[in-house]
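Residue numbers (my numbering): 34 to 297. Note that beta-carbon positions come from the ideal geometry of N, C-alpha and C, so glycine has one too. Structure first, commentary second.
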Amino acid sequence: MPKQPKTNPQKKPSTTPPTGSRRDELAAQTARDTRDRRIRRRVGLILAATATAVLVFTGIWLATTGPASPAATTATSGSTASGRDTWTIGVGQVDAPVRVDVYQDFMCPYCQRFEQANGPGLKQLVDAGTIRLEIHPMSFLDRTSQGARYSTRAANAFVTVAQADPDRILAFNRALYDNQPAEGTTGLTDAQLATLAQDVGVAPSVTDTFGQLSHEQWVADGTQADFASGVTGTPTVLIDGKPFTGDLLTADALRSAIETAAND
34 MPKQPKTNPQ KKPSTTPPTG SRRDELAAQT ARDTRDRRIR RRVGLILAAT ATAVLVFTGI
94 WLATTGPASP AATTATSGST ASGRDTWTIG VGQVDAPVRV DVYQDFMCPY CQRFEQANGP
154 GLKQLVDAGT IRLEIHPMSF LDRTSQGARY STRAANAFVT VAQADPDRIL AFNRALYDNQ
214 PAEGTTGLTD AQLATLAQDV GVAPSVTDTF GQLSHEQWVA DGTQADFASG VTGTPTVLID
274 GKPFTGDLLT ADALRSAIET AAND
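Right, here's the structure in full:
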């Protein structure tokens with residue numbers, strides 16, 4: 034008769050109740066486990082409440098300290114220094130027959146040449162009520178000022194003056210280009226920007242705020258929005274929303290195109 038394979042029968046668990054000392058030990062351990070669970074639950078509730086408070090506080094801080102867009106400011110001439118669109122500084126009558134958009138960077142040498150050729154004529158057309166001039170200050174040439182971010186700082190100063198003293202914004206625009214630093218340099222300091230603004234009549238109480246860069250984010254967001262709209266470089270000029278493709282560096286070509294648009 035074949036032998037059955039040997040097995041190792043499992044030992045049955047003891048059903049003998051624990052002794053008195055063992056019962057006391059188990060009871061104490063149970064109490065400790067219950068206490069630890071309560072402590073962990075309370076700590077978890079405290080951490081959750083703390084995290085929620087931090088998130089709420091952070092949201093409030095961001096909402097109250099984030100960069101603000103320039104507010105509308107009316108000049109004594111009846112013009113406004115806040116553009117029709119989000120990312121422009123507008124000069125001239127809002128209901129002028131022709132709208133001229135100028136996209137510029139204060140470090141751009143061709144923008145300087147554009148301003149020297151066309152700035153006086155554009156101001157005459159603004160004063161005559163012929164055009165509404167919308168200036169788009171951009172900052173993509175920050176990369177050419179050795180980390181000093183001149184384009185951003187100059188544009189921030191420009192927007193600051195536009196808000197506080199819009200009647201002097203075109204004079205300040207002209208001064209920035211007349212004193213334009215060369216690409217590859219650190220550009221003008223905030224103090225030098227303040228001096229240029231004061232030279233055209235802007236109060237020191239305004240220029241003293243240049244270093245705060247209150248409109249830094251506005252300038253950066255506007256630059257990205259301008260590129261997203263199809264602008265590929267500066268200066269770019271639109272007349273009633275249509276690109277001007279003539280000579281930007283001589284006065285007669287642009288003025289003639291504007292006058293034609295005004296007579297249409």
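Taken in chain order, the unbroken stretches of beta strand (DSSP E) that lie wholly in the segment 214–285 and span 3 residues or more are 269–272.
Of the residues Arg186, Met140, Leu287, Pro214, the one whose Cα lies closest to the Cα of glycine 154 is Leu287. For valine 133, the secondary structure class from DSSP, reduced to helix, strand or coil, is strand. By a beta-carbon distance limit of 8 Å, aspartate 273 does not contact arginine 186. Their separation comes to about 32 Å. CA-to-CA, the gap between threonine 242 and asparagine 296 works out to about 43 Å. In this structure, the CA atom of tryptophan 251 is about 12 Å from the CA atom of isoleucine 122.
By the CB criterion at 8 Å, alanine 208 and isoleucine 202 fall outside the cutoff. In the DSSP annotation of this structure, leucine 166 is not part of any alpha helix (DSSP H); the continuous beta strand (DSSP E) holding it starts and ends at 164–171. Here alanine 227 has Thr240, Phe243 as same chain residues with Cβ atoms under 6 Å from its own Cβ, once five neighbours each way along the sequence are excluded. Annotated three-state conformation of aspartate 211 is helix, per DSSP. Non-local C-beta neighbours of glycine 255 in its own chain, meaning closer than 6 Å and more than five positions away in sequence, comprise Trp120, ordered along the chain. In this structure, DSSP gives valine 192 a helical state, which the three-state scheme calls helix. Beyond the five residues adjoining it in sequence on each side, aspartate 223 comes within less than 6 Å, by CB distance, of Phe243, Gly244 in the same chain, given in chain order. Rounded to whole angstroms, the gap between the alpha carbons of serine 184 and serine 172 is 5 Å. Rounded to whole angstroms, the gap between the alpha carbons of leucine 246 and alanine 230 is 15 Å. The Cβ atoms of leucine 282 and arginine 182 lie no closer than 8 Å to each other. The C-beta distance from valine 135 to proline 268 rounds to 6 Å, short enough to meet the 8 Å contact threshold. Within the model, the alpha-carbon separation for lysine 275 versus alanine 261 is close to 16 Å. The continuous beta strand (DSSP E) containing valine 124 extends over residues 122–124. At a Cβ-Cβ threshold of 8 Å, alanine 290 and glycine 279 count as neighbours. With 16 or more other Cβ atoms from the protein chains shown falling within 10 Å of its own Cβ, glycine 220 counts as buried.
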